[in-house]
């Protein structure tokens with residue numbers, strides 16, 4: 003009997019001990035978060051967060067398993083920078099591989115008074131993170147931009163903006179990752195100067211030395227091709243050297259130490275601030291019309307300001323780091339908005355088939371069409387500062403300025419025919435561009451961003467201008483611009499016209515076999531290769547909107563269109579079946595596509611068109627058309643330029 007009592011007593015003690023350990027101190031039901039990196043289309047929800055005595059439990063609902071790369075380095079980080087490592091790793095990995103709808107991750111106990119925290123999923127904070135998790139019922143206080151900048155005023159140093167060679171040296175300290183002989187490939191997408199990509203292989207000790215030509219400073223992330231979820235943030239200034247040392251801390255997380263010019267951004271580069279994801283992902287995820295977009299843009303801007311305020315305080319940002327964060331937030335908003343314009347076309351247009359079987363895209367919702375092109379609907383830009391030159395340091399700056407004049411509200415209000423009406427027409431067109439940019443961005447005078455967009459546009463137009471046109475427009479732009487750096491960029495653009503050949507030899511490499519096979523079939527013709535991917539909004543938009551134009555192009559006997567898809571998957575096949583049926587499509591595969599893009603043809607973004615002449619010469623990119631809607635006029639002009 004005594005023995006039985008002892009067993010019962012021990013069982014009860016174990017039970018009460020388990021209950022005590024599992025005691026829930028606080029529960030957040032249906033919490034909200036700012037963004038989950040890489041997640042779109044609402045594939046992830048957090049059902050609840052439990053603050054327990056011995057652990058913190060997060061319950062997820064997901065329609066896919068790829069939202070996080072869960073590993074031993076997964077952790078929670080509160081707004082004071084305290085970290086809480088995951089304790090349920092093996093179980094979580096097994097569950098995620100099974101594509102669960104519901105699952106739970108468990109971490110070290112976090113104090114119940116924590117009101118906001120992040121989940122960092124990978125070695126580097128740029129990958130697989132859920133940012134700004136908080137109680138949906140919590141009333142958050144959003145700072146204004148003026149509040150953030152009040153004690154952080156500074157201007158960009160004069161020697162930052164110039165064209166020169168940048169140098170980056172990376173070395174690895176204590177690390178348990180295979181860094182020897184890794185291949186790094188990168189491209190700096192720069193509309194102010196055409197820079198080449200680089201490919202570099204690390205030494206036996208993992209160290210990397212690289213140099214490249216750049217027209218302005220930039221922050222970016224360098225990743226080895228064969229290590230998943232490892233990104234090395236870096237910053238460079240033309241003419242100067244950046245030193246980076248990578249070490250792995252006791253908890254397995256990577257820490258980057260910066261020397262040289264990057265030392266002044268040490269805290270910013272090591273932070274998991276994630277502004278690009280908050281801005282771009284959130285805005286692109288808007289599926290509604292302009293009214294919903296306007297509401298979401300305000301919410302996103304508030305979250306961006308809150309995020310900057312929290313991380314700047316937590317990591318002790320210097321004024322220059324705060325300015326960089328604000329610049330990144332502004333570029334993120336514009337980047338997301340440009341994607342939204344491409345993705346939202348179905349909100350105000352529909353496809354009509356005429357008696358001849360031709361498809362026409364028509365405006366089906368005139369109210370929405372007017373709303374999307376109404377400058378007054380973008381008044382949220384009044385909160386921003388587009389004279390902030392630190393914007394040039396954001397990696398997406400080149401993409402934004404190249405897209406800006408083509409965004410719906412601006413392109414809709416431009417008379418595109420003036421571009422081909424001689425010098426007077428071009429100057430009138432420039433004035434229209436500047437006027438529309440001011441109205442869209444809600445700025446007075448010529449903002450730095452608007453002037454950069456004009457430079458980007460005319461850098462793509464120089465090859466179709468004769469010398470007299472170029473000289474006149476150069477003189478006009480120099481007299482119009484207020485920024486000395488951008489005046490220099492305009493001069494570089496004009497100098498490029500004089501020194502650039504119109505055709506170039508074809509690149510050489512293993513992946514060129516797919517290009518050669520097509521050229522062999524269509525000898526004696528110009529061949530236009532359209533590089534695209536199913537996830538690229540502008541690519542898909544261009545393919546959908548040019549179906550009938552391409553039917554007319556197919557009647558020509560001097561040119562052939564070939565579409566090179568990045569990969570062969572269900573989404574790509576659906577686009578091909580619906581919009582490219584009967585046309586020539588090549589499924590390159592991700593590795594070959596990247597080799598063609600970065601190593602051989604040297605282009606950064608898609609959609610991208612390469613034109614090869616009948617004698618197998620590559621046409622200079624500034625002569626190439628950017629789509630097929632006005633093909634006959636643009637292609638005939640290209641041929642006359644070459645002949």
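In my numbering, the protein residues as written are 3 to 645. Note that the Cβ used here is the ideal one computed from N, Cα and C, for glycine as well.
Here residue 363 carries a strand assignment [DSSP, helix/strand/coil]. A distance below 7 Å between beta-carbons, with the five flanking residues on each side excluded, links residue 455 to the following residues of its chain, in chain order: 403, 406, 407, 439. Excluding five sequence positions before and after residue 474, the CB atoms of its chain that fall closer than 7 Å to its own CB belong to 425, given in chain order. Between the alpha carbons of residue 294 and residue 373 lies a gap of roughly 12 Å.
Taken through DSSP and simplified to helix, strand or coil, residue 87 comes out as strand.
As for any beta strand (DSSP E) of minimum length 3 sitting wholly inside the segment 481-528, the runs are 505-507, ordered along the chain. For residue 348 and residue 628, the gap between their C-alpha atoms comes out near 21 Å. Short of 7 Å from the beta carbon of residue 262, and not among the five residues preceding or following it, lie these beta carbons of its own chain, in chain order: 242, 243, 244, 245.
Take the alpha-carbon of residue 634 and the one of residue 555: they are about 8 Å apart.
Annotated three-state conformation of residue 629 is coil, per DSSP. Distance from the CA of residue 371 to the CA of residue 569, rounded to the nearest whole angstrom, comes to 34 Å. In this chain, residue 171 is not harboured by any alpha helix (DSSP H); it is covered by the beta strand (DSSP E) spanning 166-174. With contacts defined by Cβ atoms closer than 8 Å, residue 104 and residue 34 do not form a contacting pair. Per DSSP, residue 453 is one residue of the alpha helix (DSSP H) stretching across 450-461. Taken through DSSP and simplified to helix, strand or coil, residue 278 comes out as helix. Nearest to residue 414 by alpha-carbon distance, out of 398, 394, 376, 564, is 376. Counted as a single uninterrupted DSSP element, the beta strand (DSSP E) harbouring residue 587 occupies residues 586-589.
Leaving aside the five residues that flank residue 77 on each side, the residues in its chain whose CB is nearer than 8 Å to its CB run, in chain order, 85, 86, 87, 88, 109, 121, 122, 253, 255.
If only uninterrupted alpha helix (DSSP H) runs of at least 4 residues are considered, those enclosed by the segment 279-341 are 292-316.
Between residue 113 and residue 56, the C-beta spacing is not below 8 Å. Residue 235 is classed as buried because its beta carbon has at least 16 other beta carbons within 10 Å across all chains shown. Contact between the segment 283-300 and the segment 340-347 is present: three or more C-beta pairs spanning the two stretches fall below 8 Å.
Residue 388 is a Cβ neighbour of residue 332, given a cutoff of 8 Å. In this structure, DSSP gives residue 250 an extended state, which the three-state scheme calls strand.
Contact between residue 163 and residue 493 is absent: CB atoms are separated by about 14 Å, not below the 8 Å threshold.
Note on geometry: alpha-carbon atoms of residue 131 and residue 412 lie some 35 Å from one another. Note on geometry: alpha-carbon atoms of residue 504 and residue 545 lie some 27 Å from one another. The C-alpha of residue 301 is placed about 42 Å away from the C-alpha of residue 496. With fewer than 16 other Cβ atoms inside 10 Å of its own Cβ, residue 418 counts as exposed. Exposure of residue 511 is indicated by the presence of fewer than 16 other C-beta atoms within 10 angstroms of its C-beta. CA-to-CA, the gap between residue 106 and residue 161 works out to about 51 Å. Distances from the alpha-carbon of residue 351 to those of 184, 367, 482, 469 put 367 closest. Residue environment for residue 515: exposed (fewer than 16 other C-beta atoms within 10 angstroms of its C-beta).
Looking at 175, 513, 59, 155, the one whose alpha-carbon comes closest to that of residue 596 is 513. Out of 259, 64, 397, the CA that lies nearest to the CA of residue 607 is found in 397.
The three-state reading of DSSP puts residue 215 in strand, counting E and B together.
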